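2 protein chains.
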Amino acid sequence: MKETLHKYINSFVQLTKEEFATFDEILTQKQFKKNELILEAGKICQRVWFATDGYFRFFHIDSRGNEITSDFYFAPSFISSFTSLLRESPSLVNIQAMSDMEVLEFTKKDLFKLYDNYPKIERLGRLIAESVSIASEEHLFLLLNQTAEMRYKKLLEKNPKYVKIIPLQYIASYLGITQETLSRIRKSVQ
Amino acid sequence: MKETLHKYINSFVQLTKEEFATFDEILTQKQFKKNELILEAGKICQRVWFATDGYFRFFHIDSRGNEITSDFYFAPSFISSFTSLLRESPSLVNIQAMSDMEVLEFTKKDLFKLYDNYPKIERLGRLIAESVSIASEEHLFLLLNQTAEMRYKKLLEKNPKYVKIIPLQYIASYLGITQETLSRIRKSVQ
DNA sequence: GATAACTTTTGATAAATGTCAAAAAAATTA
DNA sequence: TAATTTTTTTGACATTTATCAAAAGTTATC
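Which chain is which? The protein sequence lines are A and B, in order. Number 1506 marks the last residue of the first sequence (our numbering); no jumps. Number 1506 marks the last residue of the second sequence (our numbering); no jumps.
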């Protein structure tokens, strides 16, 4: 578990044994059940998780009572409601584990202490923030495509994995359409 | 000009006189004319700009030949195609100055040298990346609203400034709709 | 392996939004 | 101020997408 984390971190920035040891100290292991909410909308997110397998779904309930999926995170990855974490504002999203899984957890408070003492760990933070930002922009660009069919085709091109693994109903709202429409598009495209 | 930049930076992280002096060394002053493209789609972005007034528009041409506005940056702010800059990939967007303006410019290369030597400047980089990420998520959430009217109302609520200052045609594609539809919505809402 | 629960598909219809062309309004320039 | 250019609005109509209800298909559970 921790080895996977170390490998993952090393793909961003090389840490020394001592730095890894310090990082390991703030970690605690946790288990999540399939469909469990690891963060509920309305609460202020104080933690970051690291998952080695499976994936997570971000969703919220809109003004009409519909469940809207806004994001997916596939392991290996750090997962958090970064907006809530950084702003200390109530999370707009629920984060849901999509399978039974084990994760490593740490608090924002502990992480920020590491930032103060280990510039390389703060660099890791910068690089993660940058990659989250890029992923968010990609989703944004997907949604800016005018037709639902074009959005679906671009997703197929860019993230075929999403289409293979994630239930259609969740992909639909991620693309800003209903599941019925996505079902019809999928039929017409293939 | 530089004083405004220093004030802006200080709102993220306190730099010493020496650190500001070092930062100042990588800056060059530039002028842009209204409507000028400060970055063209297809080119790899190598620079970051800092503007003290006015605003910028990000746009691209989609597969149907329509101009799609994907972002706005209001001064004071750092402006760049961060995705292109960080990935060293061709920019998907054009960045356009929306008025005559003076800016301070610096290269990615120089910035990254500062990151290596000044942890506080790297922290600034992290904080900027985080705020870009949050802004991007907000636009994303706007687009996930199902009806065009709801998207417009949420924009009015969240960024009344946009609606006041930016021509309707640009706001329309930012909301994922045509200008005719936005014109009709605006009429029905007010 | 049968039952239940959940997910996807289908059909009919309504509603929202896009398209194109032209007019009106506003901003810019001579 | 007049002329020109740019932006916004309007109308008629086409197209896309949503909605609702039900059926079919799939997966999980006992």
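A virtual CB, placed ideally from N, CA and C, is assigned to each residue, including glycine. Given the structure is predicted, the values throughout are model-derived calculations rather than measurements.
Give the secondary structure of residue i by DSSP, where H, G and I count as helix, E and B as strand, and everything else as coil.
i, result
"Lys1346 (chain A)", "strand"
"Met1414 (chain B)", "coil"
"Thr1338 (chain B)", "helix"
"Arg1380 (chain A)", "coil"
"Tyr1371 (chain B)", "strand"
"Ile1493 (chain B)", "coil"
"Phe1422 (chain B)", "strand"
"Ile1360 (chain B)", "strand"
"Leu1408 (chain A)", "coil"
"Leu1353 (chain A)", "strand"
"Phe1366 (chain A)", "strand"
"Thr1463 (chain B)", "coil"
"Leu1458 (chain B)", "helix"
"Pro1435 (chain A)", "helix"
"Thr1320 (chain A)", "helix"
"Leu1430 (chain B)", "helix"
"Val1329 (chain B)", "coil"
"Ile1487 (chain A)", "helix"
"Ile1482 (chain B)", "coil"
List, in order along the chain, the chain B residues whose C-beta lies closer than 7 Å to that of residue i?
i, result
"Ser1449 (chain A)", "Phe1398, Ala1445, Val1448, Ser1449, Ser1452"
"Ile1384 (chain A)", "Leu1460"
"Gly1492 (chain A)", "Leu1459, Leu1460"
Who are the neighbours of residue i on chain B, taking C-beta pairs under 8 Å?
i, result
"His1455 (chain A)", "Leu1456"
Evaluate residue i with the Cβ neighbour count: other Cβ atoms within 10 Å of its Cβ, from every protein chain shown; 16 or more gives buried, anything less gives exposed.
i, result
"Phe1428 (chain A)", "exposed"
"Arg1380 (chain B)", "exposed"
"Met1414 (chain B)", "buried"
"Leu1331 (chain A)", "buried"
"Val1364 (chain A)", "buried"
"Gln1362 (chain A)", "exposed"
"Gln1412 (chain B)", "buried"
"Ile1441 (chain B)", "A small correction: the amino acid at residue 1441 (chain B) is Gly; Ile does not occupy that position in the sequence shown. The residue is buried, with at least 16 neighbouring Cβ atoms inside 10 Å."
"Thr1344 (chain B)", "exposed"
"Thr1463 (chain B)", "exposed"
"Leu1458 (chain A)", "buried"
"Leu1473 (chain B)", "First, the amino acid is wrong: residue 1473 (chain B) is Glu here, not Leu. Per the 10 Å Cβ criterion, exposed."
"Cys1438 (chain B)", "Per the sequence shown, residue 1438 (chain B) should be read as Glu rather than Cys. It is buried - the Cβ of Glu1438 (chain B) has at least 16 other Cβ atoms within 10 Å."
"Val1505 (chain A)", "exposed"
"Asn1410 (chain A)", "buried"
"Met1417 (chain B)", "buried"
"Ile1395 (chain B)", "buried"
Which residues in chain A sit within 8 Å of residue i, going by Cβ to Cβ distance?
i, result
"Leu1402 (chain B)", "Glu1446, Ile1450"
"Leu1408 (chain B)", "Phe1457"
"Asp1378 (chain B)", "Leu1460, Asn1461, Gln1462"
Please list the partners that residue i has in chain A, where partner means a Cβ-to-Cβ separation under 7 Å.
i, result
"Arg1442 (chain B)", "Glu1438, Gly1441, Arg1442, Ala1445"
Taking Cβ-Cβ distances shorter than 9 Å, what residues in chain A pair up with residue i?
i, result
"Pro1392 (chain B)", "Residues of chain A passing the Cβ test: none, with the nearest at roughly 20 Å."
At a cut-off of 6 Å, is residue i close to the ligand GDP when judged by its beta-carbon and the heavy atoms of the ligand?
i, result
"Arg1439 (chain A)", "For the ligand GDP, the structure offers nothing, since it holds no ligand at all."
Runs of alpha helix (DSSP H) wholly within the segment 1382-1406 of chain B (minimum 4 residues, chain order):
1398-1403, all fully within the segment 1382-1406 of chain B.
Note down, in chain order, all residues in the segment 1467-1496 of chain A with a beta-carbon under 7 Å from any beta-carbon belonging to chain B.
From the segment 1467-1496 of chain A, only Gly1492 have a Cβ closer than 7 Å to chain B.
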